[in-house]
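The sequence shown: position 23 = 23 (full-length UniProt numbering), numbered continuously. C-beta: ideal position from N, C-alpha, C; glycine also. Only one structure is covered here, and it is reproduced in the block below.
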Amino acid sequence: MEKNNTKKYFKYAIGEIVLVVIGILIALSINNWNESRKVQKGIRTGLIELKSALEDDFSILENLISDVEISDKAGKQLLNDLNKSPDSIDLVQLFFNIFTSQMIVTFGSSSNSYESLVNNGNIDLIRDNLLKRRLGAYYNRFNWASTYEKGPMIKSYEEYISYAHNFTQPNALRLAYEANLPNVDSLKIKSLKELGGQSLINTAQLDNVSNFMVVVDRLQTNRYIQLAFYKRKKIRLKNLSTSQE
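Printed below as a string of structure tokens:
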């Protein structure tokens, strides 16, 4: 200032300030870019995990639908058997149908990956609104709860079990389970014959089957609803897979 260089000093000072501001802006931009990369990486990781979970659900659901269809077929045959006169019923086949139709399948999808996206707010960063709606519909807790909580399906199943024991000999159903029949692909009649053949059925009860038929029909109705529900979920899974491609 003594040399009358005030203008140069202020120019220098202003230049320094400008450089500092530019440096700060560059640093903020780099930081924001890094944060954006982390967010995008988190979203990609979440979506990859979600896709894997949906693929697992699809595979499990396919197998469960097949299992429900096996039980449904046995229930239909059981109703047909119970409509016959007792002396014309194949008792081994009858036991097979009682045993097979009593098996129950329940399934609730694991929503951990989806809930993580929702809780982190990352679900809102998915631009595809149709995909978001489909995900919300698929993971609707109310829908899944109806398949495994104390709903009509479980109640009708419990009622069926209590009646089924009236028409089988003591310990017969337990013998079937101990023989590991539920894990045999075709649930073969031959295996049941090896357990005791016609002695598996309490023939004295065959003259009074009207109440049991009502119970079987109720279980079949709920199983039909369950099967339709699972098939709708399977279609939703296919739609989700299409949306993510």
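Rounded Cβ spacing between residue i and residue j (contact assumed at less than 8 Å)
i: Ile65; j: Leu227; result: 7 Å
i: Met153; j: Asn63; result: That belief does not hold up - the Cβ atoms of Met153 and Asn63 are roughly 18 Å apart, past 8 Å.
i: Ser101; j: Gly75; result: 4 Å
i: Leu117; j: Leu19; result: With 8 Å as the limit, Leu117 and Leu19 do not qualify as a contact, their Cβ atoms being about 42 Å apart.
i: Tyr177; j: Val216; result: About 20 Å separates the two Cβ atoms, so there is no contact after all.
i: Ser71; j: Met103; result: 5 Å
DSSP beta-bridge partners of residue i
i: Ile168; result: First, the amino acid is wrong: residue 168 is Thr here, not Ile. Ile201.
Close-in-space but distant-in-sequence residues of the same chain around residue i (CB under 8 Å, 5 per side omitted)
i: Ile237; result: The question names Ile, but residue 237 in the sequence shown is Leu. Around Leu237: Leu54, Asp57, Phe58, Leu61 and Tyr138.
i: Asn97; result: Ala74, Gly75, Gln77, Leu78 and Asp81
i: Tyr224; result: Asp72
i: Lys84; result: none
i: Lys231; result: Ile65
Close Cβ partners of residue i (< 6 Å) along its chain, the five nearest in sequence each way excluded
i: Ser156; result: Arg218, Leu219 and Asn222
i: Leu173; result: none
i: Ile89; result: Asp81
i: Leu206; result: Pro86
i: Val105; result: Leu64, Asp67 and Val68
i: Lys234; result: Leu61
i: Ile123; result: Leu117
Any non-hydrogen atom of the ligand FMN closer than 7 Å to residue i Cβ
i: Asn80; result: Ligands in the displayed structure: none, and consequently the ligand FMN is not present.
Residues near residue i in its chain [Cβ-Cβ closer than 7 Å; skip 5 each side]
i: Ser199; result: Gln169
i: Lys41; result: none
i: Arg134; result: Arg236, Asn239, Leu240 and Ser243
State whether the segment 99-119 contacts the segment 44-51, with contact taken as three or more CB pairs (one from each stretch) at a distance under 8 Å.
-> The segment 44-51 and the segment 99-119 touch, with three or more beta-carbon pairs separated by less than 8 Å.
Counting pairs of beta carbons, one from the segment 205-216 and one from the segment 163-176, are three or more of them closer than 8 Å?
-> By the Cβ criterion, the segment 205-216 is in contact with the segment 163-176, since at least three pairs of Cβ atoms, one from each stretch, lie closer than 8 Å.
Taking one C-beta from the segment 71-89 and one from the segment 14-25 each time, how about it: are there three or more such pairs within less than 8 Å?
-> Between the segment 71-89 and the segment 14-25 there are fewer than three inter-stretch CB-CB distances shorter than 8 Å, so the stretches are not counted as touching.
Residue ranges of each beta strand (DSSP E) run of no fewer than 3 residues wholly in the segment 68-113, ordered along the chain?
-> Listed in chain order, there is nothing to give.
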